[in-house]
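Reviewing the structure listed below.
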């Protein structure tokens, strides 16, 4: 039998490149991904639209990551697909900076002291009924608050408001003077004098029973007749100076009345024009929002279709590399470098954004630093990817491993119980991942607070990497997962009551239980300990349920709940869901007895090959039977 000649492996160099790649790639994601929903909000998207965009993005990655990974393996083009996916990821997310903002000009500097978007402009409008405060959907709040549009719309709105205020002030003054004039016109003493003057011209019968306006019209006609006939001298003969003064004062009221009518018509015209202008502006806002939403949706779906296989290809390649050299103990240690990146860079970026008014002394909003840091680290990852250790693809039974994993997780009551639990926890994860920073923003918190949230959550994972095994041995796998559900319920309930942005930080410590301990307990369950290759397939199934289906569906549902009922109700609903499922899980887990120890095979003593993956034979078991 010919011996296959393999190239010598520089293990130290390969480990270094793998760690650097994972560190740089995680650094790029940590600079942008936790804050992506903030940017969508700044572009004018509602919570529902944001949830749909994030959900669609998640489902796109969920479907196409394994597809492209399988195609790359079959065509022996994994390095090409890895590099191309990194390039498409940069193109996808950096292109988001070209989408114009509707409610906040993210393309220009902010003035000093304007560190955050005012919460009054971001919170849904409220109206009250009795003692109950009701939140209206954010789509309505956007329409009634046009003051956060781009610079042109903002200036136009300001001018219209000032014009309205000036017009109202002028109208109130004019109306008051008109009322005073009317009071003078209607004065009984003045009318009595006018009627006495009319008697001198034998007009008492003509004005009998008429009001002041009608008397004015009669006198005006008579005076016009006298003027036309050239009889002005009669006026001086029959009327004294005081009589002429009285008539002038009386007839002046006619001019004021006509001015009042003209002003009233002008006011109506101005109001109509203002109303039409505001309606036009609302339509423009609505159309711009819909356009931004559609563009974002298309860009992120198509982008995720092409950039999603990065992590899967890198992880699969590293696993196969270590498997080929029979050094599986080192697998998984590269994830520590990813956690380290999430500890360092989010807080650095957010502190820089908070303390910068104008990025690079140019007309660039500081938030754009998230994208620039993302692009910089992703560019470095792109370079390192050319040297990433990718071995030739093994002849492995992919379908058989996936079938075995699905059988263990979805076709057995114990496995299905954990699948449902991960689905529920994925739903809840999407709620606070997408909208917790919105809450901090509504409370006038700074981005540095958000960076601290990421920092504390990442730091909380580290102790659990060492204490997770002890917790599982003392409490059992089901006990640790139950504690994670209780902590998750307490965490989301706490979010619903906080009134200060810094009050969010203590709750982030529970991430150690709600995420790290939960995953350790599930993956270390002995029912899911079969062989290294099958274990990875089981992990893929669980990750797909948690980060794929659960997170995607949860994003869409939580966005709609946010717009309909508000963030507090959303978090309380998540808390009820978690604490409600906890006793059900605990009881069902006690009823589902683990596999007896005698039924566990010794497949971990072997390296998996084609035949063992397909048939799952255990030569040691057969030898013992013989």
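Residue numbers (this note's numbering): 292 to 917.
By construction, the Cβ of each residue, glycine as well, lies at the ideal position given by its N, Cα and C atoms.
Computed from a prediction, not measured in an experiment: that's the story for all the values here.
Q) Hey, which unbroken runs of the alpha helix (DSSP H) at 4 residues or more fall wholly within the region 596–653? A) 601–615, 626–645
Q: Ignoring anything shorter than 3 residues or poking outside the region 803–888, list the beta strand (DSSP E) runs there in chain order.
A: none
Q.
Do residue 846 and residue 721 count as a contact pair if the criterion is CB distance below 9 Å?
A. yes
Q | Cβ pair count under 8 Å reaching 3, the region 801–820 against the region 661–673 | A | no
Q | residue 722, enclosing alpha helix (DSSP H) - first and last residue | A | 704–733
Q) Can you give the Cα-Cα distance for residue 376 and residue 560, rounded to whole angstroms? A) 59 Å
Q) Given that a residue counts as buried once 16 or more other Cβ atoms are within 10 Å of its Cβ, and exposed if not, what is residue 487? A) exposed
Q: Compute the Euclidean distance between the alpha carbons of residue 864 and residue 683, then round it to the nearest angstrom.
A: 49 Å
Q) What do you reckon, are the CB atoms on residue 645 and residue 739 nearer than 9 Å? A) yes
Q: Consult DSSP for residue 699 and reduce its assignment to one of helix, strand or coil.
A: helix
Q) Ends of the alpha helix (DSSP H) at residue 362? A) 338–365
Q.
Using a Cβ distance threshold of 8 Å, determine whether the region 619–628 contacts the region 302–320, with at least three qualifying pairs required.
A. yes
Q) Where do the ends of the alpha helix (DSSP H) carrying residue 661 lie? A) 659–676
(Q) To the nearest angstrom, how far is the alpha carbon of residue 746 from that of residue 789? (A) 20 Å
Q.
Tell me the residue span of the alpha helix (DSSP H) that contains residue 783.
A. 738–786
Q.
Taking 7 Å as the limit between beta carbons, can you name the residues of its chain near residue 319, skipping five residues before and five after?
A. 665, 668, 669, 672
Q: Grab me the residues of residue 597's own chain with a C-beta within less than 6 Å of its C-beta, minus the 5 sequence neighbours each way, in chain order.
A: 379
Q) Taking three-plus beta-carbon pairs below 8 Å as touching, is the region 582–592 in contact with the region 353–364? A) no
Q. So, are the CB atoms of residue 302 and residue 618 less than 9 Å apart?
A. yes
**Q.** Sub-9 Å separation of residue 777 and residue 809 beta-carbons
**A.** no
Q.
So, with DSSP's three-state summary, where would you put residue 391?
A. coil
Q: Could you check if residue 603 is buried or exposed, using at least 16 other CB atoms within 10 Å of its CB as the buried criterion?
A: buried
Q. Quick one: any contact between the region 691–710 and the region 345–356, if contact means 3 or more CB pairs under 8 Å?
A. no
Q | Cβ separation of residue 829 and residue 819, assumed to be a contact under 8 Å, to the nearest whole Å | A | 5 Å
Q: Apply the 10 Å Cβ neighbour rule to residue 599 and answer buried if 16 or more other Cβ atoms are within range, or exposed otherwise.
A: buried
Q) If you draw a straight line from the C-alpha of residue 642 to the C-alpha of residue 616, how long is it? A) 44 Å
**Q.** Chain-order list of residues whose beta-carbon lies under 6 Å from that of residue 563 (same chain, five-residue window excluded)
**A.** none
Q) Can you list, in chain order, the residues of its chain whose CB lies under 6 Å from that of residue 304, leaving out five sequence neighbours each side? A) none
Q: Taking residue 375 as part of the alpha helix (DSSP H), name the residues at either end of that continuous run.
A: 369–385
Q. Rounded to a whole number of angstroms, what is the C-alpha to C-alpha distance between residue 306 and residue 593?
A. 33 Å
Q: Assign residue 326 to one of three DSSP states: helix, strand, or coil.
A: helix
Q. With 16 other CB atoms within 10 Å as the buried threshold, where does residue 479 fall?
A. exposed
Q) For residue 763 versus residue 811, is the C-beta spacing smaller than 9 Å? A) yes
Q. Of the residues 797, 873, 660, 384, which one's Cα is nearest the Cα of residue 711?
A. 873
Q | Outcome for residue 793 when other beta-carbon atoms lying within 10 angstroms are tallied against a minimum of 16 | A | exposed
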